[in-house]
Amino acid sequence: MPKTRDFTVARRPKATRGDGAARLALEKAAFTLSVHDPGEFPAPAAPELAFAGRSNAGKSSAINSLVGRRRLAFVSKTPGRTQLINFFSLGTDAILVDLPGYGYAGVPGEVRRHWEFLVGSYIANRESLAGVIVVMDARHPLTPLDRRLLDWLREAGRPTHVLLTKADKLSKQAAQAALTLVRREMSTLWPGTTIQLFSSLKGDGISEAASTLAHLARRKNKAPAKGE
Ligand SMILES: Nc1nc2c(ncn2[C@@H]2O[C@H](COP(=O)(O)OP(=O)(O)O)[C@@H](O)[C@H]2O)c(=O)[nH]1
Ligand SMILES: [Mg+2]
């Protein structure tokens, strides 16, 4: 088991109320299951919002901040080991999906191939997938593997939202500069992808991310399933 520790979770997402968007019941998040193989995916039950990103980028912390809990998704100090897809229900409205991280240097080729198979199948085939939140460290965005993931998402036509997280590690000015730079590149390479700054430590960007999740889930409910 990777070592875990409590991570300071800042504010709960409250600003989503009254902004006109139906809120997701983020506070109802409950673990449902872990899957190691595409054959084990549960029957689609609600729009799924999946979190993807490099190991150690801050994915589990972002999920914890969004649901206002310290340890729903584990925060790991030894990244790269978990090759499981974890599902968390939000009442009956939506499902949060924590995809395994990638890009950890110590990971053997076999683990990497399994990651590609598991995450690749999920992204390409999952009917109930409403959108993917790509979590990138604001200090090191758009690594080669991030680019590959964004390419897959574009090919599969998956709505994508980027969190540039750990923004608290940069000055306000440097964080804005990173946002502008990545946004500019995305507008050419991955048009339609949205992006924001985020900090699990400070709680910055939680309400914007929560609104985006609600919007993606609602849009999925209205749209016909992929391939129909
Ligand atoms: N300063 C700061 N540290 C963060 C933030 N998000 C995550 N971390 C730290 O980054 C490390 C990896 O976080 P984790 O959520 O486990 O990343 P994951 O592997 O992508 O799930 C942990 O030590 C976290 O405490 C953030 O917004 N700000
Ligand atoms: Mg994690």
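Take the sequence shown: its position 207, counted from the start at 1, is 1309 in our numbering, and no numbers get skipped. For each residue, glycine too, the CB sits at the ideal point set by N, CA and C.
Taking a cut-off of 8 Å for Cβ pairs, the stretch 1124-1131 and the stretch 1316-1324 touch, as three or more such pairs fall below it. DSSP places T1245 in no beta strand (DSSP E); its state is neither H nor E. Here DSSP, grouped into helix, strand and coil, assigns H1317 to helix. Within 6 Å of the C-beta of L1303 there is at least one heavy atom belonging to ligand 1. Straight across, the Cα-Cα distance linking A1145 with D1239 is about 33 Å. In this structure, S1223 keeps its C-beta atom at 7 Å or more from the C-beta atom of T1134. In this model, I1225 and L1255 are separated by some 7 Å (Cα to Cα). The residue among G1294, A1159, H1138, G1141 with its C-alpha nearest the C-alpha of L1265 is A1159. With a threshold of 16 other beta carbon atoms within 10 Å, F1219 falls short and is exposed. According to the DSSP assignment, E1218 belongs to the alpha helix (DSSP H) that extends over 1211-1227.
By the neighbour-count definition (other C-beta atoms within 10 Å, threshold 16), L1174 is a buried residue. When rounded, the separation of the alpha-carbon atoms in A1164 and S1302 is 6 Å. Shown here for A1277: same chain residues with a beta carbon closer than 7 Å to its own, the five before and five after excluded, namely A1240, A1269, L1299 in chain order.
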